[in-house]
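In UniProt numbering, the protein residues as written are 1 to 269. Report on the structure given below.
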């Protein structure tokens with residue numbers, strides 16, 4: 001049997017090569033998730049690990065967030081971090097959200113505004129229960145129109161404060177102002193992930209070409225499938241870890257056990 005000029009043996013080898021490609025991509029994805037992160041303790045509604053806020057600014061933000069939680073039970077937290085520890089802002093925000101267990105356990109009504117000033121990254125991470133109100137599209141609009149323009153001028157407090165006002169306004173039912181603003185296109189694909197996919201695809205094509213030339217009788221002499229190492233210099237990682245997350249929360253404030261599936265939006269400046 002021949003298909004598109006290829007013999008059955010070549011088609012089988014090409015299929016196996018594609019299986020290897022997808023396996024390598026899966027290993028790459030798992031390896032990215034297996035990065036061991038260290039999270040700061042949840043000491044309040046504003047955790048300024050990057051040290052970009054004054055005490056008065058932090059207190060003002062805390063008051064807004066507490067009033068919102070007292071009124072609606074929605075738990076919104078601001079976190080600034082010195083760096084993202086080698087992972088993406090999306091991965092860091094989602095794992096920090098889950099480590100802190102933001103929102104109420106039954107309603108998952110938490111939201112996180114994460115700022116990494118040294119890497120110029122910002123993320124709004126939304127719990128399952130708030131995704132219907134604080135949509136990905138509205139989160140992108142808040143970041144693009146309220147947060148990053150102020151961050152570009154060095155006004156970190158102004159950007160965080162305006163972003164929180166937007167989040168709280170939408171959660172309070174006043175989304176019309178943000179819906180009228182120009183919509184922002186979806187987050188772009190990470191160029192690193194694209195490059196990895198292209199490289200793996202080219203490797204698989206090369207392997208398939210080698211196998212098609214080697215013939216079935218020589219498969220054991222260098223014409224077989226090539227397995228690639230996973231992310232990191234040491235091969236495959238041993239599993240997933242949220243290591244380093246805090247063992248307890250101080251300051252009389254803690255998350256209620258909510259979770260996030262990655263809803264929200266990211267931006268940079």
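C-beta atoms are modelled at their ideal positions from N, C-alpha and C, and glycine is treated no differently.
Below 8 angstroms, enough C-beta pairs join the segment 47-67 and the segment 153-163 to call them touching: three or more. Taken through DSSP and simplified to helix, strand or coil, residue 167 comes out as helix. For the segment 52-119, the full-length alpha helix (DSSP H) segments reaching 4 residues or more read 55-72 and 89-100 along the chain. Bounds of the beta strand (DSSP E) holding residue 266 are 263-268. Burial state of residue 147 is buried, judged by a 10 Å Cβ sphere holding 16 or more other Cβ atoms.
Residue 154 is bridged by DSSP to nothing; it lacks a bridge partner. Residue 54 sits close to residue 157, with the two beta carbons spaced by under 9 angstroms. For residue 136, the enclosing alpha helix (DSSP H) covers residues 136-142. Of 115, 139 and 118, the smallest CA-CA separation from residue 126 is found for 139. Around the C-beta of residue 263, 16 or more other C-beta atoms lie within 10 Å, and the residue is accordingly described as buried. Residue environment: residue 38 is assigned as exposed (fewer than 16 neighbouring CB atoms within 10 Å of its CB, all protein chains considered). Across the structure, residue 101 and residue 259 are spaced so that their CA atoms are roughly 6 angstroms apart. In the three-state DSSP reduction, residue 159 falls in the helix class (H, G or I). Annotated three-state conformation of residue 129 is helix, per DSSP. Beta-bridge pairing by DSSP links residue 123 to 114 and 266. For residue 133, the closest of 103, 69 and 167 by C-alpha to C-alpha distance is 167. Across the structure, residue 68 and residue 169 are spaced so that their CA atoms are roughly 10 angstroms apart. With at least 16 other beta carbons inside 10 angstroms of its own, residue 204 counts as buried. Around the CB of residue 103, 16 or more other CB atoms lie within 10 Å, so the residue is classed as buried.
Bridge pairing for residue 48: 80 [DSSP]. Straight-line measurement puts the Cα of residue 49 at about 7 angstroms from the Cα of residue 40. Sequence-distant partners of residue 115 (beyond 5 residues in either direction) whose C-beta falls short of 6 angstroms from its own C-beta, in its chain, are 80 and 122. Between residue 36 and the set 70, 118, 86 and 56, the nearest pair of CA atoms involves 86. One thing to note: residue 105 has its Cβ no nearer than 9 angstroms to the Cβ of residue 76.
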